[in-house]
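Here is the structure we will look at.
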Amino acid sequence: MEFSLFEKREKPLIEAALIEFLDKGTYSKGTLGQAMRYSLTAGGKRIRPLLLLATVHSLGGDTTKSYEIATALEYIHTYSLVHDDLPAMDNDAMRRGKPTNHKVYGEDIAILAGDGLLTQAFEIASLGSLPDAKKLALILALAKAAGPMGMVAGQTEDIEGENQQVSLEVLKAIHEKKTGELLRFSVYAGGVIADAPSRVAMLLNAFAAHFGLAFQILDDILDVVGDSKELGKKTGMDATLNKSTYPALLSLEGAKAALENEVVGARKTLVQISEYYQTKGGQFDIQLLSDMLDLLRLQQRRE
Ligand code: GRG
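In terms of my numbering, the sequence shown opens at residue 56 and continues consecutively.
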């Protein structure tokens, strides 16, 4: 299936699920609920839930049982952006083309809205009709991916790396945690929901690692060459904060080559998954995830 068709079908369902769970919260009508809703509905690309659902679909799994965990994932991603934009962190005024949460609701409520999104994510992840053993495995993996061994650790290392040149190896390790872990979880969760055999789960993990790195390199490239209106946020922030990035360490051309390298690596793992199913029997729809990779590659060529 083409990703563009899949996205057309799934994105409205994701948007509906994001709001449905928010509306179930007793606090949803007050300022806290409004602040949570503001960032949830500010128009994100929904890459992580789409990647999760695309993984489930490509393995022939049931996407209808996946919305709780996909929603929980987007809640956590949204919280991370709200907190990342705070004055104590990146101090951003615009996100997704709109004023950041703290610019509208104040720092105190923005911090609490992030806390609310993070906590409610785990409540949502515990709902739905997946077997309890799968839910438990997913909740554990999500906590690890988002927590002090994953995204929070990456954000800490990123902050500590400001105003100093870090090596490419260190930069990669930061990215793997800060951005990579949630993307890796998206693909992992898809494999769990669709009962991927262990060999496929291993290959999916390799695919996700390449995808995550490609995604972050693209973000670094777009911060240099992207259009701030199109991106919905200020560009050039990495240079302002004196951050080590792929373009800073490798030059723009070097960063583009590194992105291409990750895309090629990711595609190889998809081919290996396809070959596995050809020999063992079973279907794998390679196009969906392959199309998502192409989107990463095309974005950096737009300028
Ligand atoms: C505050 C604990 C804590 C963590 C924040 C992910 C993160 C950690 C900060 C975001 C910083 C950043 C801009 C990273 C680059 C990659 C990235 C996560 C971009 C934003 O994700 P998209 O492109 O955003 O999926 P949308 O708006 O489409 O949801």
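By construction, the Cβ of each residue, glycine as well, lies at the ideal position given by its N, Cα and C atoms. As the structure is a prediction and not an experimental result, all values here were calculated from the model.
How should residue i be labelled, buried or exposed, when 16 other C-beta atoms within 10 angstroms of its C-beta is the threshold for buried?
{"i": "Pro104", "result": "buried"}
{"i": "Val221", "result": "buried"}
{"i": "Ser135", "result": "buried"}
{"i": "Gly99", "result": "buried"}
{"i": "Arg101", "result": "buried"}
{"i": "Ala312", "result": "exposed"}
{"i": "Gln338", "result": "exposed"}
{"i": "Gln219", "result": "exposed"}
{"i": "Val247", "result": "buried"}
{"i": "Thr334", "result": "exposed"}
With residue i as the anchor, note down where its alpha helix (DSSP H) starts and where it stops.
{"i": "Gly246", "result": "Glu236 to Ile248"}
{"i": "Phe76", "result": "Phe58 to Lys79"}
{"i": "Val389", "result": "Past the boundaries of the shown model lies residue 389; the chain is included only from 56 to 358, so the question cannot be answered."}
{"i": "Ala251", "result": "Premise fails: Ala251 is in no alpha helix (DSSP H) and is neither H nor E."}
{"i": "Leu191", "result": "Asp187 to Ala201"}
For residue i versus residue j, is the C-beta spacing smaller than 8 Å?
{"i": "Leu238", "j": "Ala263", "result": "yes"}
{"i": "Ala176", "j": "Leu141", "result": "no"}
{"i": "Asp278", "j": "Gly267", "result": "no"}
{"i": "Lys190", "j": "Ala200", "result": "no"}
{"i": "Ala310", "j": "Ile276", "result": "yes"}
{"i": "Val255", "j": "Ile328", "result": "yes"}
{"i": "Met149", "j": "Gln342", "result": "no"}
Could you give the DSSP three-state label for residue i: helix, strand or coil?
{"i": "Met257", "result": "helix"}
{"i": "Pro154", "result": "strand"}
{"i": "Met149", "result": "strand"}
{"i": "Asp293", "result": "helix"}
{"i": "Gly99", "result": "coil"}
{"i": "Ser121", "result": "coil"}
{"i": "Met204", "result": "coil"}
{"i": "Met91", "result": "helix"}
At the 8 Å Cβ level, is residue i part of the contact set with chain D, yes or no?
{"i": "Ala188", "result": "No chain D is present in this structure, which holds just one protein chain."}
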